[in-house]
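Keeping their order, the protein sequence lines are chains A and B.
The numbering of the first sequence is our numbering, which starts it at 4 and goes up by one.
The numbering of the second sequence is our numbering, which starts it at 260 and goes up by one.
Glycine included, C-beta positions come from ideal geometry on N, C-alpha and C.
Notes follow the structure.
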Amino acid sequence: MDRRGLVSVLLAAAIVGAPVAPALAAGEDFIPLLVYRTGPYAPSGIPIANGFVDYFALLNERDGGINGVKLAWEECETQYKTDLGVECYEKLKGKGAAGALVVNPYSTGITYQLIPKAAVDKVPILSMGYGMSASSDGRWFPWVFNFPTNYWSQASAVVRYIGHQEGGLDKLKGKKIVHIYHNSPYGKEANPTLDELSKKYQFELTLLAVDHPGQEQGATWLQVRRINPDWIFMSGWGVMNQVAVKEAASKGFKMDHFIGNWWSANDADVIPAGDGAKGYKGATFHAPGTKFRVHADIFKILYDKNKGAGRREAVGEALYNRGIVNAMYTAEAIRTAMGKFGNKPLTSEQMRWGLEHLDVTEQRLDQLGMKGFTHPIRVTCEDHEGSGPVLIQQWDGAKWEIVSDWMAPMRDVVRPKIEAAAVEEGKKLGYPMRDCSKEK
Amino acid sequence: MVEWQFTLLLLSNGLLIGLMYSLIALGFVLVYKATDAINFAQGEFVMIAGFVVAVALGAYGAPLWLAVPLGLAAMVAFGFGLERVMLRRLIGRPIIAVVMATIGLAAILRGVGPLTWGAETKPLVLPISDEPFILGPLFVPPIQLLGASVSIVFLGVFGWFFLKSRKGIAMRAIADSQQVAMAMGINVERYFALAWAMTGVVSALGGVIWGSMLGVDVHLSLVGFKVFPVVILGGLDSIPGAILGGLIVGVVENVAAGYVDPYVGGGTKDFAPYVLMILALMIRPYGIFGKRIIERV
């Protein structure tokens, strides 16, 4: 190609490419949103993404952003696929005036792939309640956060809840608990913790794997029938959840003794089973429903003006509210960082500091219109998980209701496991261990 | 539950689920038998049918007696339309063109379904109980019994159609050689349209049965993956093969899940049918009942 031709091609490329670039103002904080609105997991991905977008839009519309700095975001479709997630991250990490402040991968697989990149690119990862449990130890994983709680803490909190229901943890002796799990690294996360707890409390634990996608679980549920467990805990995902709930109902299992983890207790998991799902329980770290002030603001400022991201009636679904909580943590970390670095657009390193010093108190939740919506959380250099407690919600045939107090995780069991795993995983990545006392 | 009862339940569950796989596989076999085309969008046909029926029931409050025929009519129209708009242009082209077209179609349908009707899971409730029938040592879920019964009836009807009816024989002639069939005065285009419409009927039935079990969302298309080991085991062009292939896959899956998975931590249920499929390809590449093609070279 001659020089004139080359210039023409470059000019054409510039003209064609120009409108594709998002209009990002220099004075904004940019957050990439890795979403899955398409593909087999879209029924779960859409409410999360809508909750996220609605909360950020609310802050911009109602408050003019955070301390005068507007929030900017761009969605990138991952279809819950790891390769697409990494591609999205690479595409968006450099966008915005100072690059991406934080990335929420929304997939354990994507999180695992991004962890080695986080320290190199200096983009913090917030894998809220998913991802690598070992990354809860901030001394080894300064760029990764998984507050307010992780899979291991969740498993221990669920066992504590079961113990409460049985009249005390000592009453677990001799009980049969089955863990039905998605046969993937995510699904297996709780197994070592449950195994340790089964020895400590002398309950009989059976682990039953369900292969992806889990549409046909007849054999699994025949095994459940053979074992005749007292309780079932499930770490499922996607279609596996709805099939399991239907199978349990059709086999006549006591639904109030069947507890899903927080990725197995969304509206889509119970609706297909109809009345059979009544009584099914799920772990969560935030309330369902729309009775909080933040929802009233979302309706008034966004949905009444046709600015909502999704359907009005989907506001308040379990996963929609999870998106709100995630966006709230992100926004509060920005606010925390601004407290130190000033009310101006932040860098990702400043954002990391904000995440590590996040302290969302009861009073702050009240100010945000979220009193009782989620639990206060405090993140530290050592503890990127916050060891947040867990609620149990129950499906009444039409909606989820909270049926427990906040159940504290068994920190005495979980934290030593996290620290041991962090050493192992941190060394694999060649990370040094931070001395947090020098950073205070 | 004693061991022999557990084994018996695994086998009965495998047989019933296998027949439901056969129903989906039947749609695949119908198209292949009549047009020599491999339809990679079979699961997506089932999904679209499920959407139509679930939306008619849920969003429009239609009674079941209306929603199911509506789903059948919509899928027949879809089959005719698809043939007219897309597949007719591919007649006489290399088989790979049809394969690629159906792969593309599958991707489009996976997008169009949720885009048109919403991505959230829709219930498709049939007026049957979830309580299993207890037949001696067996527990039989009513939905599986219904699915298996529908499969047997339609497998029988289509088996008769291809063996005995004039149209069925014409379709087999077309599958053997489109050029010769044309030369004999058979209207190939019309029979192609009929084959795709018949697939639409089977997909609609599959959509109702599987949609009732799983709920209706884009996941429903994943049942299409079960088709491949079934038809390769049974034979791509054989209706009895679809039945036998489905039964084998159903039983193998259940036995693997019941007896092997607990010792290896899962994973065998899904790959066991594919191991069988590979073995079948090595030993009997045309399947158990598939037509052996002998070519002069």
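Among the residues facing chain A, B:A429 is not included, as its CB has no counterpart in that chain under 8 Å away. Ranked by Cα distance from B:F299, the options B:G351, B:T361, B:V261, B:L278 are led by B:T361. The residue among A:R142, A:V72, A:Y204, A:A321 with its C-alpha nearest the C-alpha of A:M413 is A:Y204.
Using beta-carbon distances, A:R229 counts as an interface residue toward chain B, with a partner under 8 Å.
Secondary structure note for B:G465: it is in no beta strand (DSSP E), and the uninterrupted alpha helix (DSSP H) holding it is 447-473. Assigned with DSSP and collapsed to three states, B:K426 falls in helix.
Under the DSSP assignment, A:S238 falls in the beta strand (DSSP E) whose first and last residues are 234-238.
Looking only at B:A515, B:Y518, B:G500, B:G549, the smallest Cα-Cα distance to B:L278 is reached by B:G500. For A:V246, the residues of chain B that pass the 8 Å Cβ criterion are M472, L473, in the order they occur in the chain. Contacts with chain B at 8 Å (Cβ-Cβ) do not include A:E199. Scanning the segment 132-215 of chain A for uninterrupted alpha helix (DSSP H) segments of 4 residues or longer gives 154-169, 188-191, 194-204, listed from N- to C-terminal end. If you look at A:W224, you'll find it in the alpha helix (DSSP H) that goes 221-230.
Scanning the segment 377-412 of chain B for uninterrupted beta strand (DSSP E) segments of 3 residues or longer gives 392-394, 397-399, listed from N- to C-terminal end. The beta carbon of A:D214 falls within 8 Å of a beta carbon belonging to chain B, placing the residue at that interface. Interface flag for B:F265 against chain A is set, since a Cβ pair is found closer than 8 Å.
In the DSSP assignment, A:W403 falls outside any alpha helix (DSSP H) and lies within the beta strand (DSSP E) extending over 403-405. Close to A:K343, with beta-carbon spacing below 9 Å, lies no residue of chain B; the smallest spacing is near 41 Å.
Listed in chain order, the beta strand (DSSP E) elements of length 3 or more contained wholly in the segment 17-90 of chain A are 31-38, 73-80.
For B:I276, the neighbours in chain A by C-beta distance under 8 Å run, in chain order, E219, G221. Taking 7 Å as the Cβ-Cβ cut-off, the segment 267-289 of chain A approaches chain B at A271, I274, P275, G277, G279, given in chain order.
For A:L394, the uninterrupted beta strand (DSSP E) run begins and ends at 394-398, by DSSP. Note on A:G134: 16 or more other CB atoms within 10 angstroms of its CB, so buried under the neighbour-count rule. Under a 10 Å Cβ-count criterion, A:N329 is classified as buried, with 16 or more other Cβ atoms of the shown protein chains found around its own Cβ. Less than 8 Å separates the beta-carbon of A:H182 from that of A:L210. Taking a C-beta cut-off of 8 Å against chain B, none of the residues of the segment 117-144 of chain A qualify. The Cβ atoms of A:G48 and B:H478 lie no closer than 8 Å to each other.
Contact check for A:D272 against A:N309 fails: the beta carbons are separated by 8 Å or more.
Using a Cβ-Cβ cut-off of 8 Å, B:N272 counts as an interface residue toward chain A, since at least one Cβ of chain A sits closer than that to its own. When B:S462, B:V439, B:I433 are compared, the shortest CA-CA separation from B:F451 is found for B:I433.
The residues S136, E192, A193, in chain order, have a CB closer than 6 Å to that of A:Y154 in the same chain once the five nearest residues on each side in sequence are set aside. Contact annotation, A:R338 with A:N70: C-beta distance approximately 7 Å; criterion of less than 8 Å satisfied. Around the beta-carbon of A:N346, fewer than 16 other beta-carbon atoms lie within 10 Å, marking it exposed. Judged by DSSP secondary structure, A:K254 falls outside any beta strand (DSSP E); it is assigned neither H nor E. Chain-order list of chain B residues neighbouring A:I380: empty, with the shortest C-beta distance near 30 Å, by a criterion of under 7 Å. Distance check between B:I350 and each of B:Q301, B:V384, B:A293, B:A333 places B:A293 closest, using alpha-carbon atoms only. At a cut-off of 8 Å, the C-beta of B:N446 has no neighbouring C-beta in chain A.
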